[in-house]
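Peer 1: In terms of my numbering, the sequence shown is numbered consecutively and its last residue is 508.
Built from N, CA and C at the ideal position, the CB exists for glycine as well.
Let me give you the structure first, and then I'll get to my questions.
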Amino acid sequence: MLCTEKKPLMMKHSIRKKITLIFSVVLLAALAACWLANDIFLERYYLANKGNVLKDAYQKMNEASGNKTLETDDFLQDLNIICETNNISLFVMESNGQPKIYMMKNYELMRHRLYAYLFGQLPPGEKGELSEEEDTYAIWMNTDYYSRVEYLEMTGTLSSGELFLMRTALEPIRESVQLANRFLLYVGLTVLVAGGLIIQVLAQRLTEPLLELARLSERMSNLDFDVKFTGEKEDEIAFLGNHMNQLSETLEKTISELKTVNNELQRDIEQKTRNDEMRKEFLSNISHELKTPIALIQGYAEGLQECIHDDPESREFYCEVIVDEAGKMNQMVKNLLTLNELEFGNEVVAMERFDIAFMIDNMLKAAKILFEQKQVRLIYEQQEPVYVWANEYKLQEVMNNYISNALNHVDGERVIKVTVCKQEKRVRVGVFNTGRQIPEEDLDRIWEKFYKIDKARTREYGGSGVGLSIVRAILESMHRDYGVINYKNGVEFWFDLDDQAGS
6 MLCTEKKPLM MKHSIRKKIT LIFSVVLLAA LAACWLANDI FLERYYLANK
56 GNVLKDAYQK MNEASGNKTL ETDDFLQDLN IICETNNISL FVMESNGQPK
106 IYMMKNYELM RHRLYAYLFG QLPPGEKGEL SEEEDTYAIW MNTDYYSRVE
156 YLEMTGTLSS GELFLMRTAL EPIRESVQLA NRFLLYVGLT VLVAGGLIIQ
206 VLAQRLTEPL LELARLSERM SNLDFDVKFT GEKEDEIAFL GNHMNQLSET
256 LEKTISELKT VNNELQRDIE QKTRNDEMRK EFLSNISHEL KTPIALIQGY
306 AEGLQECIHD DPESREFYCE VIVDEAGKMN QMVKNLLTLN ELEFGNEVVA
356 MERFDIAFMI DNMLKAAKIL FEQKQVRLIY EQQEPVYVWA NEYKLQEVMN
406 NYISNALNHV DGERVIKVTV CKQEKRVRVG VFNTGRQIPE EDLDRIWEKF
456 YKIDKARTRE YGGSGVGLSI VRAILESMHR DYGVINYKNG VEFWFDLDDQ
506 AGS
């Protein structure tokens, strides 16, 4: 029934004992009721049944007498069957005293007894208790003075005036009732004992699944949810067991969710600690990033102020350096503000459907001079429109970062390849550049703010270290996947977009 380890359960008030006791009491009460009914009503029922037999025979003879068929062979044959079947003695005589029908050899005794009833001359000692009386017949219960046998006797007249006497012997009814009660007692005691044993077995079979359910609930209380109810019967116990299975699954799911929430809470605490560390690191990084351009601006500005070089070319160079470094600082501040806005989710990202292939084509055409300056061979072969759902403005910023990153790190064959590939329910956009691979230990960290693999080279092309962080924030704000893949001859940055509105 249940996949559980069985162990005895001590029950102070056992249902099995209660069921056995209740059913035994019910059987005993039923036996007592049968015995009492037998003792009180059996005799009356027996007499009433005998009286009905005599009245049925009388009805048939009365009809035959009225129809003048009383002495026909067919009726006499039927009447003989009735009398023999029900042990009835019958005597019918004409109104002049001549016998007409009799169902015994010595009919004279029946004729004398009929006369005794007619003239009220029963033998001494016979009371002749009247049981029922109608206009045409009367039923008497009497004990024969000579044989001491009890009889039920009917006397009366038929439709054509014939007189009749019918009698049927009453076995010693009281003795029969006592015998029947004694037999019923023996049978009842046997049934009671057998019933008690059967009830004990049935109660055990009934309560065993309940005990198994109790063991199941005990194991569930100890947070053991591997045990399951496996009963195949479709009854109330199976219904309860199946609901306990559902309860077990619900509890397991709830505890799993609680553990998940607890784990999330623990992670949030750890995240808070990391955020504090990141805040400190951010302040340190931003201080470091701003220190160099501020120092350059200050140095060249002081040089101009003190007129270290008076020639126009030197002053122009100083001013260019100051403007360039100020521009870098301005771009860094803009990038940080953009990143902060994306990470805190203060801006609603509006999704729209547009042709990503057309957008990329326009961006690459606009940046054509940059590819020529870097002596890069650009490969972009997309011709047909590819419609996607995203924020076009923010996606342009993502592509700008990917393309700028590729231009800054392209090497070797100096090839940059942009691809737009349709896949199942999505579109993947990739930007590949030949050159050095990204070290495996840095693949996950390149998306962090101010993380730089080669700081000297980053400084060389003016990178702030927040470009890929902006990419991550934009794509996560649209719930899109992104990543980077190392190839033997270079690196590819990619992201996925949905091409269906319901995705």
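Determine which residues share a DSSP beta bridge with residue 122 and list them.
Peer 2: Against the sequence shown, residue 122 aligns to sequence position 117. Residue 122 is not bridged to any residue.
Peer 1: Give the single residue among 38, 27 and 492 whose Cα lies nearest to the Cα of residue 204.
Peer 2: Residue numbering aside, residue 204 sits at position 199 when the sequence shown is read from its first letter. The option with the nearest alpha carbon to residue 204 is 27.
Peer 1: Is DSSP giving residue 273 helix, strand or coil here?
Peer 2: Position 268 of the sequence shown, counted from the first residue, corresponds to residue 273. It is helical.
Peer 1: How long is the line joining the alpha carbons of residue 401 and residue 302, rounded to whole angstroms?
Peer 2: Here residue 401 is taken as the residue at index 396 of the sequence shown, counted from 1. Here residue 302 is taken as the residue at index 297 of the sequence shown, counted from 1. Residue 401 and residue 302: Cα-Cα distance of roughly 32 Å.
Peer 1: Using the Cα positions of residue 138 and residue 144, report the straight-line distance between them to the nearest angstrom.
Peer 2: Along the sequence shown, read from residue 1 onward, the residue named residue 138 stands at position 133. Along the sequence shown, read from residue 1 onward, the residue named residue 144 stands at position 139. Taking the straight line from one Cα to the other gives about 6 Å.
Peer 1: Using CA coordinates, which residue listed in 399, 433 and 406 is at the minimum distance from residue 483?
Peer 2: Walking along the sequence shown from the start, residue 483 turns up at place 478. Ranking 399, 433 and 406 by Cα distance to residue 483 puts 399 first.
Peer 1: Compare the Cα-Cα distances from residue 453 to each of 442, 439, 475 and 54 and report the closest residue.
Peer 2: Stepping through the sequence shown from its first residue, residue 453 is reached at position 448. Nearest of 442, 439, 475 and 54 to residue 453, Cα basis: 475.
Peer 1: Measuring straight from C-alpha to C-alpha, what distance separates residue 33 and residue 71?
Peer 2: Within the sequence shown, numbered from 1, the residue matching residue 33 stands at position 28. Within the sequence shown, numbered from 1, the residue matching residue 71 stands at position 66. Those two C-alpha atoms are separated by around 55 Å.
Peer 1: Relative to the C-alpha of residue 183, which residue among 173, 47 and 261 is closest?
Peer 2: Taking the first residue of the sequence shown as position 1, residue 183 is located at position 178. For the residues 173, 47 and 261, the minimum Cα distance to residue 183 belongs to 47.
Peer 1: Relative to the C-alpha of residue 156, which candidate in 41, 260 and 118 has its C-alpha closest?
Peer 2: The count along the sequence shown starts at 1 and reaches residue 156 at position 151. For the residues 41, 260 and 118, the minimum Cα distance to residue 156 belongs to 118.
Peer 1: Determine, using beta carbons only, whether residue 142 and residue 63 come nearer to each other than 8 Å.
Peer 2: Taking the first residue of the sequence shown as 1, we reach residue 142 at position 137. Taking the first residue of the sequence shown as 1, we reach residue 63 at position 58. Taking 8 Å as the Cβ cut-off, residue 142 and residue 63 qualify as a contacting pair.
Peer 1: Less than 8 Å between the CB atoms is what I'm expecting for residue 134 and residue 146, so what's the real figure, rounded?
Peer 2: Within the sequence shown, the letter at position 129 stands for residue 134. Within the sequence shown, the letter at position 141 stands for residue 146. Contact holds; Cβ gap of about 5 Å.
Peer 1: What did DSSP end up calling residue 174 once you bin it into helix, strand or coil?
Peer 2: In the sequence shown, the residue the question calls residue 174 occupies position 169. It is a strand residue.
Peer 1: Need the endpoints of the alpha helix (DSSP H) that residue 102 sits in, please.
Peer 2: One-based indexing of the sequence shown puts residue 102 at position 97. First-last for residue 102: undefined, no H or E at that position.
Peer 1: Applying the 10 Å Cβ sphere with the 16-neighbour rule, what's the burial state of residue 104?
Peer 2: Within the sequence shown, the letter at position 99 stands for residue 104. The residue in question, residue 104, is exposed, as its Cβ has fewer than 16 Cβ neighbours within 10 Å.
Peer 1: List, from N- to C-terminal side, the beta strand (DSSP E) runs of 3 residues or more that fit wholly inside the region 25–74.
Peer 2: The region 25–74 contains no whole beta strand (DSSP E) run of 3 or more residues.
Peer 1: Measure the C-alpha to C-alpha separation of residue 211 and residue 190 and round it to an integer number of angstroms.
Peer 2: For this step, residue 211 is matched to residue 206 along the sequence shown. For this step, residue 190 is matched to residue 185 along the sequence shown. Distance between the alpha carbons of residue 211 and residue 190: 30 Å.
Peer 1: Compare the beta carbon distance of residue 443 and residue 383 with 8 Å and say whether it is the shorter of the two.
Peer 2: Sequence index remark: in the sequence shown, residue 443 carries index 438 (1-based). Sequence index remark: in the sequence shown, residue 383 carries index 378 (1-based). No, the pair does not count as a contact, with Cβ atoms beyond the cut-off.
Peer 1: What number of angstroms, rounded off, separates the C-alpha of residue 22 from the C-alpha of residue 207?
Peer 2: The residue labelled residue 22 in the question sits at position 17 within the sequence shown. The residue labelled residue 207 in the question sits at position 202 within the sequence shown. Residue 22 and residue 207: Cα-Cα distance of roughly 11 Å.
Peer 1: My assumption, with CB atoms under 8 Å, is that residue 500 sits in contact with residue 415. Please give the rounded CB distance.
Peer 2: Within the sequence shown, numbered from 1, the residue matching residue 500 stands at position 495. Within the sequence shown, numbered from 1, the residue matching residue 415 stands at position 410. In fact, because the Cβ distance is near 19 Å, the residues do not count as touching under 8 Å.
Peer 1: Quick check on residue 55: buried or exposed, where buried means 16 or more other Cβ atoms within 10 Å of its Cβ?
Peer 2: The residue you call residue 55 lines up with position 50 of the sequence shown. Classification of residue 55: buried, given that the 10 Å Cβ count is 16 or more.
Peer 1: Restricting to Cα atoms, I'd like to know which of 246, 209 and 213 is closest to residue 225.
Peer 2: Along the sequence shown, one-based indexing puts residue 225 at 220. With distances taken between Cα atoms, residue 225 lies closest to 246.
Peer 1: Just to confirm, does residue 157 get its C-beta within under 7 Å of one of the non-hydrogen atoms of the ligand NAP?
Peer 2: Within the structure as shown, the ligand NAP is missing, as the structure has no ligands at all.
Peer 1: Per the DSSP calculation, residue 107 is bridged to which residue(s)?
Peer 2: Here the question's residue 107 lines up with position 102 in the sequence shown. Paired residue(s): 96.
Peer 1: Quick check: what's the CA-CA separation for residue 278 versus residue 269?
Peer 2: Here residue 278 corresponds to residue number 273 of the sequence shown, with the count starting at 1. Here residue 269 corresponds to residue number 264 of the sequence shown, with the count starting at 1. In a straight line, the C-alpha of residue 278 is about 14 Å away from that of residue 269.
Peer 1: Measure the alpha-carbon distance for residue 222 versus residue 456 and round it to whole angstroms.
Peer 2: In the sequence shown, residue 222 corresponds to position 217, counting from 1. In the sequence shown, residue 456 corresponds to position 451, counting from 1. Their Cα atoms are separated by approximately 55 Å.
Peer 1: Under DSSP, the beta strand (DSSP E) around residue 136 begins and ends at which residues?
Peer 2: As a first step, residue 136 is located in the sequence shown; it is residue number 131 there, counting from the start. Taken as a continuous stretch (DSSP letters only), the beta strand (DSSP E) holding residue 136 covers 134–138.
Peer 1: Out of curiosity, what's the CA-to-CA distance linking residue 260 and residue 271?
Peer 2: The count along the sequence shown starts at 1 and reaches residue 260 at position 255. The count along the sequence shown starts at 1 and reaches residue 271 at position 266. C-alpha separation (whole angstroms): 16 Å.
Peer 1: Rank 214, 357, 409 and 387 by C-alpha distance to the C-alpha of residue 376 and give the top, closest one.
Peer 2: Stepping through the sequence shown from its first residue, residue 376 is reached at position 371. Of 214, 357, 409 and 387, the residue nearest in Cα terms is 409.
Peer 1: Could you please give the first and the last residue of the uninterrupted alpha helix (DSSP H) stretch that includes residue 398?
Peer 2: Working through the sequence shown from its first residue, we reach residue 398 at position 393. Residues 397–414.
Peer 1: For residue 497, which residues from the same chain have a beta carbon less than 6 Å from its beta carbon, with the 5 sequence-adjacent residues on both sides left out?
Peer 2: Along the sequence shown, one-based indexing puts residue 497 at 492. Closer than 6 Å at Cβ, skipping near neighbours: 435, 437 and 490.
Peer 1: Would residue 432 and residue 381 be called neighbours here (beta carbons separated by less than 8 Å)?
Peer 2: For the purposes of this step, residue 432 is taken as the residue at position 427 of the sequence shown. For the purposes of this step, residue 381 is taken as the residue at position 376 of the sequence shown. Contact: no.
Peer 1: Using DSSP with H/G/I as helix, E/B as strand and the rest coil, what is residue 433?
Peer 2: Numbered from its first residue, the sequence shown carries residue 433 at position 428. Looking at residue 433 - three-state DSSP - the assignment turns out to be strand.
Peer 1: Going by Cα to Cα distance, which pick from 318, 181 and 249 is closest to residue 44?
Peer 2: Taking the sequence shown and counting its residues from 1, the one referred to as residue 44 is at position 39. Checked all of 318, 181 and 249; the closest Cα to residue 44 is 181.
Peer 1: Thinking C-beta only, is residue 403 closer than 8 Å to residue 365?
Peer 2: By one-based count along the sequence shown, residue 365 stands at place 360. By one-based count along the sequence shown, residue 403 stands at place 398. No, the pair does not count as a contact, with Cβ atoms beyond the cut-off.
Peer 1: Quick check: the Cα distance between residue 322 and residue 354, rounded to an integer number of angstroms?
Peer 2: As a first step, residue 322 must be located in the sequence shown, where it is residue number 317. As a first step, residue 354 must be located in the sequence shown, where it is residue number 349. Rounded to whole angstroms, residue 322 to residue 354 spans 43 Å at the Cα level.
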